[in-house]
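This report refers to the structure that appears directly beneath it.
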Amino acid sequence: MISVKHTPLYEQVLKEFNYEFGDVFVFKGYLISEISEGINFTWEDHGNRIVEDVSKFIGGNGADIVYLSHRIHSYSVKPNGWVKFFKGNYALKGYGVVGYSSKSFLNTLIESLFFTQKIRRFNDLDAAVQWATHDILTNADS
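As structure tokens, then:
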């Protein structure tokens with residue numbers, strides 16, 4: 279469970295956003311978020327800010343981006359933020375969660391009640407990146 283900053287992936291980062299609540303790394307075709315320990319992640323306080331910053335950087339509404347939530351820290355997510363995300367006419371090509379605990383996967387199940395697409399779960403960042411960069415392009419049901 280190490281940050282993207284300490285992996286070979288970091289060399290491929292196009293843009294890094296550092297917030298008091300976590301970091302977001304933008305790559306070609308996907309992004310990885312790492313939210314800080316103990317945060318109660320909400321649309322109003324966190325999600326909207328990330329979406330606005332990333333949208334300005336990449337252009338568009340995100341429909342050609344895969345979002346990977348790299349859950350290296352323990353934090354909570356207010357899942358109804360996804361409703362606000364979609365009401366704002368934002369979209370994603372795919373959403374993957376990299377979790378290292380049973381709690382992170384339980385949170386993903388709750389999020390899936392609000393997220394309108396399928397959420398892919400991973401226990402390895404490399405597998406998630408492989409999916410985001412290759413597999414999702416060849417298998418739309420992933």
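Residue numbers (the numbering used here): 279 to 420. No residue lacks a Cβ here, since even glycine has one placed at the ideal position from N, Cα and C.
Rank Ala405, Phe363, Gly366 and Ile280 by C-alpha distance to the C-alpha of glutamate 312 and give the top, closest one.
-> Ile280
Quick one: residues in its chain with C-beta nearer than 7 Å to the C-beta of threonine 320, no 5 flanking neighbours on either side, listed in chain order?
-> Lys356 and Gly359
Alpha carbon to alpha carbon, what distance is there between isoleucine 336 and asparagine 326?
-> So the alpha carbons of these two residues sit roughly 15 Å apart.
Give the DSSP-derived three-state secondary structure of phenylalanine 400 in the structure shown.
-> Note: phenylalanine 400 maps to strand in three-state DSSP.
Spatial neighbours of tyrosine 288 within its chain, please: CB distance less than 6 Å, with the 5 preceding and 5 following residues excluded, ordered by chain position.
-> Val282
Backbone CA spacing between alanine 369 and tyrosine 297 [nearest angstrom] | Approximately 22 Å between the Cα atoms of the pair.
At what residues does the beta strand (DSSP E) containing glutamate 289 begin and finish?
-> According to the DSSP assignment, glutamate 289 belongs to no beta strand (DSSP E), since it is labelled neither H nor E.
Out of curiosity, what's the CA-to-CA distance linking valine 407 and valine 302?
-> 15 Å
Straight-line gap, tyrosine 353 to isoleucine 310 (C-alpha atoms, nearest Å) | Just so you know, the alpha carbons of tyrosine 353 and isoleucine 310 end up roughly 16 Å apart.
For aspartate 342, collect the residues of the same chain with a Cβ closer than 8 Å to its Cβ; drop the 5 residues on either side in sequence, then sort them by chain order.
-> Only Gly307 and Lys371 meet the Cβ criterion.
Can you tell me which of the three DSSP states histidine 348 falls into?
-> Strand, per DSSP.
Could you please give me the residues that DSSP links to tyrosine 368 through a beta bridge?
-> None; tyrosine 368 has no bridge partner.
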